[in-house]
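Residue numbers (our numbering): -6 to 155. Data first, discussion second: the structure below is written as structure tokens.
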Amino acid sequence: MDGDERRPGAGGAEAATTVVCLVTVRNRAAALVDDLDAMAEFADAVVALDDGSTDETGLILRAHQLVRLALANRVREHDAGGHECNNRNRLLTAAAELRPQWIISLDQGERIGSSDAMALRRFVTDEALPGCAYGFQRFEMGAGETFDPSFEWAYRLFPFRL
């Protein structure tokens, strides 16, 4: 039913990874490489879960160099949903192998712009307090470069604890 793939050298004796990005994706093949390349601007590694894709999503995750652990749920034709909590727990459990200092969790299709990614990296390196979780203003993007000016707070960055 569920599976995973680990990159050579994942976990074990290697040094801790500073920032690990967790992401669950389903049928995202068309935009996934761009998503992962954007994550490379702020994350040292990605732990990803292919949540039952029927396209090439799983292959892309397993091939991309930033993805250190690629988990998978069984393929399904319809998006049944309803197991988001289990998916996040699987991602967190798997991320422990990388010994991250920080975890950031993104939803499918969410991106952090280049200037914000650089600021995030500086923040984690120089200012973030290890006992705190951090929230981001999350905006919905429209067509092109437009966005809805209203936002919600999404607490997505937190120190990893075993």
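Positions of the beta carbon are idealized from the N, C-alpha and C atoms, including for glycine. What you are looking at is a predicted structure, and each value in this text was computed from that prediction instead of being measured.
| Item | Value |
| --- | --- |
| Alpha carbon of Phe35 to alpha carbon of Ser98, nearest angstrom | 12 angstroms |
| Three-state secondary structure assigned by DSSP to Ala136 | coil |
| Contacting residues, own chain, Cβ-Cβ under 6 angstroms from Tyr127 (five flanking each side not counted) | Leu150 |
| Per-residue burial, Ala41 [other beta carbons within 10 Å of its own, 16 or more giving buried] | buried |
| Endpoints, the beta strand (DSSP E) within which Ala110 is located | From DSSP, Ala110 is part of no beta strand (DSSP E) but of the alpha helix (DSSP H) over 107 to 119. |
| C-beta contact flag for Ala112 and Val13 at 9 angstroms | no |
| Proximal residues to Glu7 (C-beta, below 6 angstroms), its chain only, five neighbours per side dropped | Residue placement at Glu7 is flagged as unreliable, the pLDDT there being 46, under the threshold of 50; the coordinate-derived value follows with that caveat. Within the same chain, Glu7 has no close Cβ partners at all. |
| Three-pair Cβ contact test at 8 angstroms for the region 116 to 135 versus the region 48 to 60 | no |
| Endpoints, the beta strand (DSSP E) within which Cys125 is located | Neither: Cys125 is in no beta strand (DSSP E) and is coded neither H nor E. |
| Buried/exposed call for Pro142, threshold 16 Cβ in 10 Å | exposed |
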